[in-house]
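So the protein sequences, as listed, match chains C and P.
The first sequence begins at 1 in my numbering and counts up one residue at a time.
The second sequence begins at 166 in my numbering and counts up one residue at a time.
Below: the structure, in structure tokens.
Number of protein chains: 2
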Amino acid sequence: MLQRRIDDHAPPSREDMREAQEIFYKHLKRVGLKHTEQRDTILRTFLETRDHLSTDELFRLARKKDAKIGFTTVYRTLKLLAECGLASEVAFHDGVARYEHQFNRRSHHHMVCTDCGLSVEFFSPEVGKLEEEIGRKYHFDATRHTFQIYGVCEDCRKKPSRKLI
Amino acid sequence: MLQRRIDDHAPPSREDMREAQEIFYKHLKRVGLKHTEQRDTILRTFLETRDHLSTDELFRLARKKDAKIGFTTVYRTLKLLAECGLASEVAFHDGVARYEHQFNRRSHHHMVCTDCGLSVEFFSPEVGKLEEEIGRKYHFDATRHTFQIYGVCEDCRKKPSRKLI
DNA sequence: ATTGAAAATGAAATTCATTTTCAATTAGAA
DNA sequence: TTCTAATTGAAAATGAATTTCATTTTCAAT
């Protein structure tokens, strides 16, 4: 699936990277897992991206740095990263799980073009408030939410259409 | 997956049912498809439910009315119903596509318990406004959105935990 | 530095929902 | 009734997600 995007934030700095690694290592230690070369490479690769990556996409990137990294390891590492809050799943409903790194980022949401896959980030503090409010009302311990808007972007409205999502 | 739910609306009346059928038949005619016994049974079954059904769940229900209805037909009919607005997909992110019928219902959203699968409906007009607003801002022709809140319900907070989603 | 148990790895196999194929059947217009 | 296009549903295919398992690696205790 095509991955274009529009956003407005910088990639993580050297120190950000180090801090993320520390978070990851502490998490590994906490749950009794080991620090490995592969996990390191995968985290580094992940943090360097600015996209919403599928496991396969991250696998291809990580493999460029270390040709013997396997898909399965990337798959499992992504789960570990999600566990300790460094990655979070974004569901674009195209049948593929995607992740983005949460480092140094404001809470945001996505609007996705159903024609070309373009994703636009937007920021809306109201949504977070709503999560809290509704959770309180129905006595849920609300932990997260998903909010996506789907539509057709300006460019695609001008083009002959082709459905991707 | 367990499907409990909390909501506050009545099942469709006899007339509602008829109206939905008419919408469906008109849609079929419009796109040059035929009116069949199976499609009829599947629509009727679907409208009688109040749950968020997976294709397989609807298939099992429809089969009770007509033992020779196949999974594939239910699958395809659900797509047709979604096309003409009688069904809409709700993504609970548990790996299964679910549908609910849109007949006689206010626009609503779901909060889902990640432990037991309980879903609570809630109503929040702000979310619709947000869709419109963000779409305008980024020049998208916004057509739909998804909004779900995830958390742990009151009951599950008291029980020993078991992860389902 | 060595050892050994526990964890990690990754290729391959499996699972499972979804989607497609295709031969037989059916709807409905002429 | 006849004919053609659509429908059906069983089975096969697809494809992402997950598990298995033999081998390799990590790391804490020697």
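Backbone N, C-alpha and C define an ideal beta-carbon position, used for all residues, glycine too.
task: My understanding is that A185 of chain P touches L212 of chain P, with C-beta atoms under 8 Å, so please give their C-beta distance in whole angstroms.
output: 6 Å
message: Suppose the cutoff is 6 Å on Cβ atoms and the five residues either side in sequence are ignored; what does the same chain contact list for H217 of chain P look like?
response: V255, R263, E265
task: On a CA-only basis, which of C:V96, C:T45, C:P11 is nearest G117 of chain C? Give me that one, please.
output: C:V96
- prompt: By DSSP, does R179 of chain P sit in helix, in strand, or in coil?
  reply: helix
- prompt: In terms of DSSP beta bridges, what is S124 of chain C paired with?
  reply: According to DSSP, S124 of chain C bridges with nothing at all.
message: Just to check my reading of the structure: V152 of chain C and D115 of chain C have Cβ atoms closer than 8 Å, yes? What is that Cβ distance to the nearest angstrom?
response: 5 Å
message: For G300 of chain P, count the other beta carbons within 10 Å of its own beta carbon; 16 or more makes it buried, fewer makes it exposed. Which is it?
response: buried
query: Counting contacts by CB-CB distance shorter than 7 Å, is H258 of chain P in contact with chain C?
result: yes
query: Checking contacts by CB at 7 Å: is Q313 of chain P closer than that to chain C?
result: yes
- prompt: Are the Cβ atoms of A227 of chain P and I207 of chain P separated by less than 7 Å?
  reply: yes
message: Suppose you measure from the CA of D40 of chain C to the CA of E15 of chain C; what does that come to, to the nearest Å?
response: 15 Å
field: Short-range partners of chain C found in the segment 293-307 of chain P, where Cβ spacing is below 7 Å
entry: L295, E296, I299, G300, Y303, H304, F305, D306, A307
- request: Could you tell me whether the Cβ of L2 of chain C comes closer than 7 Å to any Cβ of chain P?
  value: Because the pLDDT at L2 of chain C is just 42, under 50, the model does not fix this residue reliably, and the value given afterwards should be weighed accordingly. L2 of chain C does not count as touching chain P.
At least 3 beta-carbon pairs within less than 8 Å: the segment 136-145 of chain C vs the segment 293-309 of chain P: no
message: On a Cα-Cα basis, can you pick out the residue from C:R30, C:P12, C:R50, C:L78 that is closest to Q38 of chain C?
response: C:L78
- prompt: Curious, which full-length alpha helix (DSSP H) runs of at least 4 residues does the segment 232-320 of chain P contain?
  reply: 236-248, 290-302
query: Quick one, which of P:T237, P:E286, P:D221, P:Q313 has its alpha-carbon nearest H109 of chain C's?
result: P:Q313
query: Straight-line CA distance for R225 of chain P to K159 of chain C?
result: 42 Å
N-terminal and C-terminal residue of the alpha helix (DSSP H) that D40 of chain C is part of: 37-48
query: According to DSSP, is L167 of chain C helix, strand or coil?
result: Residue numbering for chain C in the displayed model covers 1 to 165; residue 167 of chain C lies beyond these limits and cannot be assessed.
- prompt: DSSP beta-bridge partners for L53 of chain C?
  reply: C:Y99
- prompt: Mind checking if C153 of chain C is an interface residue toward chain P, Cβ cutoff 7 Å exclusive?
  reply: yes
message: Strictly below 7 Å CB to CB, what residues from chain C border H273 of chain P?
response: Simply none; closest approach about 11 Å.
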